[in-house]
Amino acid sequence: MLIKQFEDKGLSHYSYAVLSEGELALIDPGRNPAPYYDFARQHNSRITAILETHSHADFVSGHKEIAETSGALIYASEFMKAAFPHESLRDGDQIKLGKVGFRILYTPGHSYDSVCFLLLDEAGREHALFSGDTLFIGDVGRPDLRESMKDNPAKREELALAMFHTIEQKLRPLQDETLLYPAHGAGTLCGKSLSDANSSTMGAEKAGNYAFRTSEKEAFLKALLDEQPFVPKYFSYDVAINQQGAPAFKKALAGIPRYEGGLPGGPGTAGVQGAAGGETRVPGTAGVQGAAGVQGAAGDKQVIIDARPTEKFRANHLKGAFNIPDGLKFETWLGSILSPGEKFYLLAETGEEIERLLEKIAKIGYESAISGAITGLSGQHERYQAELPAGFDAHPEKYTIIDARNESEFARGAYFPQAINVPLPELRERAGEVPLDKPLVVHCAAGYRSGIASSILQALVPQQVYDMGNAIERKKHVS
Numbered sequence: 001m002l003i004k005q006f007e008d009k010g011l012s013h014y015s016y017a018v019l020s021e022g023e024l025a026l027i028d029p030g031r032n033p034a035p036y037y038d039f040a041r042q043h044n045s046r047i048t049a050i051l052e053t054h055s056h057a058d059f060v061s062g063h064k065e066i067a068e069t070s071g072a073l074i075y076a077s078e079f080m081k082a083a084f085p086h087e088s089l090r091d092g093d094q095i096k097l098g099k100v101g102f103r104i105l106y107t108p109g110h111s112y113d114s115v116c117f118l119l120l121d122e123a124g125r126e127h128a129l130f131s132g133d134t135l136f137i138g139d140v141g142r143p144d145l146r147e148s149m150k151d152n153p154a155k156r157e158e159l160a161l162a163m164f165h166t167i168e169q170k171l172r173p174l175q176d177e178t179l180l181y182p183a184h185g186a187g188t189l190c191g192k193s194l195s196d197a198n199s200s201t202m203g204a205e206k207a208g209n210y211a212f213r214t215s216e217k218e219a220f221l222k223a224l225l226d227e228q229p230f231v232p233k234y235f236s237y238d239v240a241i242n243q244q245g246a247p248a249f250k251k252a253l254a255g256i257p258r259y260e261g262g263l264p265g266g267p268g269t270a271g272v273q274g275a276a277g278g279e280t281r282v283p284g285t286a287g288v289q290g291a292a293g294v295q296g297a298a299g300d301k302q303v304i305i306d307a308r309p310t311e312k313f314r315a316n317h318l319k320g321a322f323n324i325p326d327g328l329k330f331e332t333w334l335g336s337i338l339s340p341g342e343k344f345y346l347l348a349e350t351g352e353e354i355e356r357l358l359e360k361i362a363k364i365g366y367e368s369a370i371s372g373a374i375t376g377l378s379g380q381h382e383r384y385q386a387e388l389p390a391g392f393d394a395h396p397e398k399y400t401i402i403d404a405r406n407e408s409e410f411a412r413g414a415y416f417p418q419a420i421n422v423p424l425p426e427l428r429e430r431a432g433e434v435p436l437d438k439p440l441v442v443h444c445a446a447g448y449r450s451g452i453a454s455s456i457l458q459a460l461v462p463q464q465v466y467d468m469g470n471a472i473e474r475k476k477h478v479s
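Residue 370 in UniProt numbering sits at position 370 of the sequence shown; the count goes up by one each step and never skips.
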């Protein structure tokens, strides 16, 4: 028996291959099937089973494509509402793989369709638990990621209570030496306090994970529900994609138009012209002046996502563009700022960067919304002053200060007492709340989010916008 862990650092996602006697099972595979095919070839094995712990919210699974290519059978919970060919699973079911097998544990709490796969070795002994988003290292899956949970505290608490019973009835009884392999590590928004470790044991979790520290229901519910991070816009969209099954990965990317230096028709005076010419306001800016964007061939409103480094964006960018620099969490921020189905153009410096970004975008299912991918930027367009004015430190009251951190971060302490907290994922929709009687200064905790927020505000409001960037570190030190 062999277990292989695959890591997608950008999504903090772990997927797995379990090999026995030439038969290979994949657990929670990502969108790009290539790493799994490579592993199968390297070990002269055949993919026979694809095990889905639940309909994932934070990434698109490649289960449907892999099944169609390999002939493998997909196994998923009877509650997943899967629209693709699969074998429905119930609590206690068994799956055989070579000389080993899996026992299914129905483990609702993160979602109603969550299951864990308990790997049994050749002698039928507990070996490892593939826990999906039910149990993490140091945490458990949050119960509020589905769209129906957004404004429904009763459903949220119902799932939290289900998680309590899952811990007590399904997970606590497992043997201490049983290995733990979750679907996510630190950095995911599917939990709030995950460890940096990529594996653990049930004994270690029983001793150190807050979810096991109390058998008192009310204390557990409070610990689970308090201070959960924001929910990106794309999460409920990905649940639906995973229930239907995503299109083939390479085919989906092949149909995206690529452009060099700009779009056909060239840049306009207040935006970028598409195939139909003209320009339009950025969506989500009702009542806000100064916005510009792209008009596509069908006349629909579109935005430009400029993924170049912040410094290059400041020096030269297309009017109305949003700057989301290519980085470790690019896809998460893209899916937090743009709504599912909202058309956009992607801009990066090189063709190699474009291809890497397109793969990241496909991992959250947004590739179908890309109207075109632009390599490089010809000519001089817009720029904005990034450095803080010399008098800011002495007279911050002369500026409207926007704190783009999350609500929970702001609640733990504001760096400026007069700052207005507008979390980055909400900024487009709440730009109309920003006072326009003073220049704007934007900050976050380290500089990445404030750069994105500054580009959005520059596109949406007429006021001068300054980005504190990493200068906030100095303020944090003084504070």
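Think of the CB as a built atom: it goes at the ideal place given N, C-alpha and C, for glycine as much as any other residue.
Just so we're clear, the structure is a prediction, and the values are computed from it rather than from any experiment.
For Leu388, which residues from the same chain have a beta carbon less than 8 Å from its beta carbon, with the 5 sequence-adjacent residues on both sides left out? Numbered from 1 along the sequence shown, position 388 holds the residue referred to as residue 388. Val441, Tyr466, Met468 and Ala471, listed in sequence order.
Roughly how many angstroms lie between the CA atoms of Glu409 and Asp8, to the nearest whole one? Within the sequence shown, the letter at position 409 stands for residue 409. Within the sequence shown, the letter at position 8 stands for residue 8. A direct Cα-to-Cα measurement between Glu409 and Asp8 gives close to 26 Å.
Nonlocal neighbours in the same chain, by C-beta distance under 7 Å from Leu194, ignoring five residues either side: Locating residue 194 in the sequence shown gives position 194, where the first residue counts as 1. Apart from the 5 residues on each side of it in sequence, Leu194 sits with its Cβ closer than 7 Å to the Cβ of Phe136, Ile137, Gly138, Asp139, His184, Gly185, Ala186 and Thr188 in its chain, given in chain order.
Between Ile74 and Ala67, is the Cβ-Cβ spacing less than 8 Å? Translated into positions along the sequence shown, residue 74 becomes position 74. Translated into positions along the sequence shown, residue 67 becomes position 67. A contact, by the Cβ cut-off of 8 Å.
List in chain order: all unbroken beta strand (DSSP E) runs of 3+ residues lying wholly within the stretch 111–179. If we require 3 residues or more, the beta strand (DSSP E) runs fully inside the stretch 111–179 come out as 115–120 and 126–132.
Taking 6 Å as the limit between beta carbons, can you name the residues of its chain near Ala160, skipping five residues before and five after? By one-based count along the sequence shown, residue 160 stands at place 160. Closer than 6 Å at Cβ, skipping near neighbours: Pro143, Leu221, Leu224 and Leu225.
Per-residue burial, Thr69 [other beta carbons within 10 Å of its own, 16 or more giving buried]: In the sequence shown, residue 69 corresponds to position 69, counting from 1. Answer is exposed; the Cβ neighbour count stays below 16.
Opposite Met200 in the DSSP bridges: which residues? Locating residue 200 in the sequence shown gives position 200, where the first residue counts as 1. Note that residue 200 is Ser in the sequence shown here, rather than Met. Partner(s): Leu180.
Rounded straight-line distance, which links the Cα of Leu427 to that of Asn421: Residue 421 sits at position 421 when you count from the first residue of the sequence shown. Residue 427 sits at position 427 when you count from the first residue of the sequence shown. Cα to Cα, the separation comes out at about 10 Å.
Alpha carbon to alpha carbon, how far is Glu359 from Leu253? Within the sequence shown, the letter at position 359 stands for residue 359. Within the sequence shown, the letter at position 253 stands for residue 253. If you take the alpha carbons of Glu359 and Leu253, they lie about 8 Å apart.
What does DSSP give as the partner residues of His13 in its beta bridges? Taking the first residue of the sequence shown as position 1, residue 13 is located at position 13. Per DSSP, Asp8 and His184.
Proximity below 8 Å, CB of Ser375 to CB of Glu260: Residue numbering aside, residue 375 sits at position 375 when the sequence shown is read from its first letter. Residue numbering aside, residue 260 sits at position 260 when the sequence shown is read from its first letter. Residue identity differs from the one stated: residue 375 is Thr in this sequence, not Ser. Contact: yes.
I need the straight-line Cα distance from Thr53 to Glu87, nearest angstrom please. Translated into positions along the sequence shown, residue 53 becomes position 53. Translated into positions along the sequence shown, residue 87 becomes position 87. Cα-Cα distance, rounded: 13 Å.
Cα-Cα separation between Pro462 and Leu436, rounded to whole angstroms: Indexing the sequence shown from 1 puts residue 462 at position 462. Indexing the sequence shown from 1 puts residue 436 at position 436. Looking at the two C-alpha atoms, the distance is approximately 8 Å.
Do Asn242 and His56 have their C-beta atoms closer together than 8 Å? In the sequence shown, residue 242 corresponds to position 242, counting from 1. In the sequence shown, residue 56 corresponds to position 56, counting from 1. Yes, the Cβ-Cβ distance between Asn242 and His56 is below 8 Å.
Cutting at 6 Å between CB atoms, please list the residues of its own chain near Gly245, excluding the five before and the five after it. Position 245 of the sequence shown, counting from 1, holds the residue named residue 245. Taken in chain order, the residues that qualify are Lys64 and Phe84.
Skipping 5 residues on each side, what residues in its chain have a beta carbon closer than 7 Å to that of Thr166? The residue given as residue 166 occupies position 166 in the sequence shown. Result list for Thr166: Thr107, Pro108, Gly109 and Thr134, in chain order.
Determine the direct distance from the alpha carbon of Ala419 to that of Ser450, and round the result to whole angstroms. Indexing the sequence shown from 1 puts residue 450 at position 450. Indexing the sequence shown from 1 puts residue 419 at position 419. In a straight line, the C-alpha of Ser450 is about 13 Å away from that of Ala419.
Rounded to whole angstroms, what's the CA-CA distance from Glu382 to Tyr415? Just pull it up for me. Along the sequence shown, one-based indexing puts residue 382 at 382. Along the sequence shown, one-based indexing puts residue 415 at 415. Roughly 30 Å separates the two Cα atoms.
Closest by C-alpha distance to Asn32, when choosing among Tyr384, Arg356 and Ala394: Residue 32 sits at position 32 when you count from the first residue of the sequence shown. Of the listed residues, the one whose Cα sits closest to Asn32 is Arg356.
Could you compute how far the alpha carbon of Gly10 sits from the alpha carbon of Glu331? Counting from one through the sequence shown, the residue named residue 10 turns up at place 10. Counting from one through the sequence shown, the residue named residue 331 turns up at place 331. Rounded to whole angstroms, Gly10 to Glu331 spans 7 Å at the Cα level.
Going by DSSP in three states, Lys301 sits in which element: helix, strand or coil? Counting from 1 along the sequence shown, the entry for residue 301 is found at position 301. Under the three-state reduction of DSSP output, Lys301 falls in the strand class.
Looking at Tyr234 and Gly92, is the spacing between their C-beta atoms short of 8 Å? Here residue 92 corresponds to residue number 92 of the sequence shown, with the count starting at 1. Here residue 234 corresponds to residue number 234 of the sequence shown, with the count starting at 1. For Gly92 and Tyr234, no; Cβs fall outside 8 Å.
Based on Cα-Cα distance, which residue from Lys4, Gln5, Leu2 and His13 lies nearest to Leu328? Counted from its first residue, the sequence shown places residue 328 at position 328. Comparing Cα positions, the closest option is His13.
When you compare the CB positions of Lys81 and Glu21, do they come within less than 8 Å of one another, or not? Taking the sequence shown and counting its residues from 1, the one referred to as residue 81 is at position 81. Taking the sequence shown and counting its residues from 1, the one referred to as residue 21 is at position 21. It is not a contact, given that the beta carbons lie outside the stated cut-off.
By a C-beta neighbour count over all protein chains shown, 10 Å radius and 16 as the cutoff for buried, is Thr280 buried or exposed? As a working note, residue 280 is residue 280 in the sequence shown. Caution is warranted here: a pLDDT of 31 is assigned to Thr280, below 50, making its placement in the model unreliable, and no coordinate value can be reported.
For Ile452, which beta-bridge partners are listed by DSSP? If you number the sequence shown from 1, residue 452 lands on position 452. For Ile452, DSSP assigns no beta-bridge partner whatsoever.
Assumed close pair Gln228, Met202 - CB separation to whole angstroms, cut-off 8 Å: By 1-based counting over the sequence shown, the position of residue 228 is 228. By 1-based counting over the sequence shown, the position of residue 202 is 202. The Cβ separation is near 24 Å, so there is no contact.
Which term fits Gly274, buried or exposed, when burial requires 16 or more other beta carbons within 10 angstroms of its beta carbon? Locating residue 274 in the sequence shown gives position 274, where the first residue counts as 1. Reliability of the predicted coordinates at Gly274 is poor, the pLDDT of 37 falling under 50, and the value obtained from them is presented with this limitation in mind. That one is buried.
What's the gap between the Cα of Leu2 and the Cα of Ile304? Translated into the one-based positions of the sequence shown, residue 2 becomes position 2. Translated into the one-based positions of the sequence shown, residue 304 becomes position 304. So the alpha carbons of these two residues sit roughly 45 Å apart.
Quick one: residues in its chain with C-beta nearer than 6 Å to the C-beta of Pro35, no 5 flanking neighbours on either side, listed in chain order? Taking the first residue of the sequence shown as 1, we reach residue 35 at position 35. Contacts found: Phe6.
Quick check on Lys363: buried or exposed, where buried means 16 or more other Cβ atoms within 10 Å of its Cβ? In the sequence shown, the residue the question calls residue 363 occupies position 363. So Lys363 ends up on the buried side.
Ile402 and Ala453 - do their beta-carbons sit closer together than 8 Å? Translated into positions along the sequence shown, residue 453 becomes position 453. Translated into positions along the sequence shown, residue 402 becomes position 402. Yes.
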